[in-house]
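These protein sequence lines are chains S and F, in that order. To convert a position in the first sequence, counted from 1, into this note's numbering, add 114. Just so you know, this note's numbering puts 64 at position 70 of the second sequence, and the rest follows in order with no gaps. All residues carry an ideal CB built from backbone N, CA and C; glycine is no exception. Everything numeric in this text was worked out from a predicted model, so none of it was measured.
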Amino acid sequence: MLRYALRRIAVTVPTLLVIITLSFALERLAPGGPFDQEQTLTPAVRANLDRLYGLDRPFLVQYGNYLAALAHGDFGPSLSQRDFSVGELIRQGLPLSMTIGLAAVLLAILAGVPAGILAALARGRAGDHALTALAGLGIALPTFVTGPALALLFGLYLHWLPVAGWERGAPRYLVLPVVTLAIPVAAYLARLTRASLLEVLRTHYVLSARARGLGAARVLWHHALKPALLPVVSYLGPAVAFIVTGSLVVETVFALPGSGRYLVQGAIDRDYPLVLGMVIVYAAFTLTLNLAADLLYGWLDPGARHE
Amino acid sequence: MAGSIRGRAMSETRRAALWGAALLRLRANRPACLALAVLLGVALLALFAPLASPWAYDSLDWHHLAQPPTLGASHWFGTDRLGRDLFVRTLHGVRLSLLISVLASVLSVGIGLAWGAVAGFAGGRLDEWMMRFVDVLYALPYLFLVIVLSTLVGRGSIAVLLLGVAAVGWLTTARIVRGQTLQLKRREFIEAARATGLPTRAILLRHIVPNLAGTVAVYATLTVPQMILFESFLSFLGLGVQEPHASLGNLINAGAQEMESAPWMLLVPALFLVLLLVCLNLLGDGLRDALDPRES
């Protein structure tokens, strides 16, 4: 297990470095800069601005400085929001984004896994077909369609929940964003759980447990469920990546001041340090959770460690 | 000489039989057939309807601003805040989405096929390095790289964006193709080809690649909706197609901002997007079942 863990970590760290280097290189080598939009810049002012932000230095020097600052947790100043540093913007936005993301993962597991178990137990009957169709739809619908659609239905027509906004994190404002994010993951989990449980229920040891006279519920709970949930664990990594992506959409749709919105706005404003910082934070977050999911899987399934 | 001609004729009959059987199975799959018909209909509509309509995607109709959909009126699906015809704009969006996603899929499946087939057939150290490279790329959250890329090329440069998306979309295909190639190359007919002294490249092109056609067709079909999703996702965030051009993504975004007073501006493009995605997924699943009866 320790060797497996070390090997997984040994892959993760260079990946993060590759991401940092690649994003940095892409941003700096590109034509066009953050000061292009302001029309009346004399060459002297322009040169001063470039010097202030270190944009006139050689590429490798900029890269070295950036890495050194990064090691101290300094992401540099934001170019579009002049009064803030990138670190401040990240600290402002990240807690909200993480709250929404974690709530969505929890909701997806709580809704998707039981739905999949029910569908597998009702195999071939109307309930199974309905759940399967619903799951198919949930997977096919993108968040930027379900989000506005839910806001339209529950916000504008039924008036049950606010359409958008935040109000310092009042739970009512977070219901629709969390549900929007959770739907596709829950649908995927339901489908996965159903397929995997059906497979396990066909195995010999489940049959023999039933033949020994154990009740259906006991066999399900004590014998079938644990192995059936292994694929679910392995899907948690991709699910996290999905939630991270989805948070960009959800924060835009519901006008939430999370870090995803800063990333999108930074990309539109060509705010290099902001985009770079956000990408690095998000990448580190995704990679860490992927690593955690891998380790969990390796712990549950010893066979996976030797692949 | 005569032997080889007969051999080729026979292999072509067998291939025809394989595809024929697949076609029969596909035809028996009601949802997939329906999906194919709907897709063809929407594609034809997207190609020709904008030509038939008196409105262009960017022409303004000052007499009908924010008009709700009305059958029989001059704007079937209504107009947006600027009086632009939503029917024409949505179909323009569909056309753009289909074009981009089909091109990106062809590109990414092509790269994946070449990469996977070479890695799987070569084996050994080369295979290991090629697949390690794929693993590393897999771990990259490539959405962010595309966002970074899209800040660079200037918003709206779809061609570069397309390349960026396609360049990362080939990973799954490469993995699957490699797996299939590994199985194929242990088969007798490959050994026979080797024994007759056929050069490696010829074995790859003549014996391996044609046998991968089914897999590749399935993955190409399943890649298209992913690409559509990706393009409209970026356009929705304001990083893809820009006004006045229409894409399903930026239409949905514009509609979401107006949904309080004009819900149709959101619903029309959203329904088209959902229709495309559901149909493409159904067709892809149908193709997979048809070409690989073992799985179902």
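| query | result |
| --- | --- |
| As a quick exercise: from S:ILE382, S:SER361 and S:ALA381, pick the residue whose alpha carbon is nearest that of GLY372 (chain S). | S:SER361 |
| Are PHE266 (chain F) and GLY87 (chain F) closer than 9 Å when you measure CB to CB? | yes |
| Would you mind reading off the limits of the alpha helix (DSSP H) that contains LEU311 (chain S)? | 285 to 315 |
| Does DSSP put THR156 (chain S) in a helix, in a strand, or in coil? | coil |
| If you draw a straight line from the C-alpha of LEU414 (chain S) to the C-alpha of VAL277 (chain S), how long is it? | 42 Å |
| Anything in chain F within Cβ reach of THR366 (chain S), meaning under 7 Å, just list it in chain order. | LEU231 |
| Between the beta-carbon of PRO298 (chain S) and the beta-carbon of GLY252 (chain S), is there less than 9 Å? | yes |
| Rounded C-beta distance between LEU269 (chain F) and PRO25 (chain F)? I'm assuming under 8 Å. | No, LEU269 (chain F) and PRO25 (chain F) are not in contact; Cβ-Cβ is about 14 Å, not under 8 Å. |
| Could you tell me which of F:LEU260, F:GLU254, F:HIS239 and F:HIS57 sits nearest to ALA248 (chain F), measuring between CA atoms? | F:LEU260 |
| Where does ASP242 (chain S) sit, in a helix, a strand or coil, going by DSSP? | helix |
| Alpha helix (DSSP H) containing GLN379 (chain S): first to last residue? | 373 to 383 |
| Of all the options F:ARG200, F:THR217, F:SER241 and F:LEU176, which has the alpha carbon lying nearest to the alpha carbon of ALA40 (chain F)? | F:SER241 |
| Could you have a look at SER192 (chain S) and say whether DSSP puts it in helix, strand or coil? | coil |
| For VAL389 (chain S), which option in S:ALA182, S:TYR319 and S:GLY201 has the closest C-alpha, if you only look at C-alpha atoms? | S:GLY201 |
| Enumerate in chain order the residues of its own chain whose CB-to-CB distance from ILE222 (chain F) is below 7 Å, with the five nearest sequence positions on each side excluded. | SER91, SER95, LEU270 and LEU271 |
| Given that a residue counts as buried once 16 or more other Cβ atoms are within 10 Å of its Cβ, and exposed if not, what is GLU225 (chain F)? | buried |
| For a contact defined as C-beta to C-beta under 9 Å, what are the partners of PRO228 (chain S) on chain F? | None at all; the shortest Cβ gap to chain F is about 25 Å. |
| For GLY(-3) (chain F), count neighbouring C-beta atoms within 10 Å of its own C-beta (all shown protein chains included) and say buried if the count is 16 or more, exposed if not. | Because the pLDDT of GLY(-3) (chain F) is 46, which lies under 50, any placement of that residue in the model is unreliable, and the question is left without a value. |
| For THR257 (chain S), which option in S:GLY215, S:PHE138 and S:VAL363 has the closest C-alpha, if you only look at C-alpha atoms? | S:VAL363 |
| Alpha carbon to alpha carbon, what distance is there between GLN206 (chain S) and LEU193 (chain S)? | 17 Å |
| Given a cut-off of 9 Å, decide if CYS27 (chain F) and LEU18 (chain F) are closer than it, judged by their beta-carbon atoms. | no |
| Is DSSP giving THR167 (chain F) helix, strand or coil here? | helix |
| Between which two residues does the alpha helix (DSSP H) harbouring SER211 (chain S) extend? | 200 to 235 |
| For MET(-5) (chain F), count neighbouring Cβ atoms within 10 angstroms of its own Cβ and tell me buried if that reaches 16, exposed if not. | Low confidence applies to MET(-5) (chain F): its pLDDT is 41, below 50, so where it sits in the model is not reliable, and the reading given next is rough at best. That one is exposed. |
| Since ASP121 (chain F) sits in a beta bridge, which residues does DSSP pair it with? | None; ASP121 (chain F) has no bridge partner. |
| Only counting the same chain, and skipping five residues up and downstream in sequence, which positions put a Cβ closer than 8 Å to that of LEU165 (chain F)? | GLY106, VAL128, LEU131 and TYR132 |
| Pop quiz: ARG142 (chain S) and PHE173 (chain S) are said to be a contact at Cβ under 8 Å. What is the actual Cβ separation, rounded to whole angstroms? | 6 Å |
| Just verifying my parser: in three-state terms, what is the DSSP assignment at ASP279 (chain F)? | helix |
| Say whether chain S places a C-beta atom closer than 9 Å to the C-beta of ALA250 (chain F). | yes |
| How would you list, in chain order, the residues of chain F whose beta-carbon sits under 7 Å from the beta-carbon of THR359 (chain S)? | LEU137 |
| With DSSP collapsed to three states, give me the class of THR73 (chain F). | strand |
| Counting only the same chain and skipping the five closest in sequence on each side, list residues whose C-beta sits under 8 Å from that of GLU289 (chain F). | Here the model assigns GLU289 (chain F) a pLDDT of 43, short of 50, so the residue's position is not dependable, and the following value carries that caveat. Result list for GLU289 (chain F): ARG282 and ASP283, in chain order. |
| From which residue to which residue does the alpha helix (DSSP H) around THR359 (chain S) run? | 344 to 367 |
| In the stretch 253 to 268 of chain S, which residues sit with their C-beta less than 9 Å from some C-beta in chain F, listed in chain order? | ILE253, ALA254, LEU255, PRO256, THR257, PHE258, VAL259, GLY261, PRO262, ALA263, ALA265 and LEU266 |
| Which ranges does the beta strand (DSSP E) cover as unbroken runs of at least 3 residues, wholly within the stretch 199 to 255 of chain F, from first to last along the chain? | none |
| Hey, would you say LEU350 (chain S) sits closer than 9 Å to LEU311 (chain S), going by beta carbons? | no |
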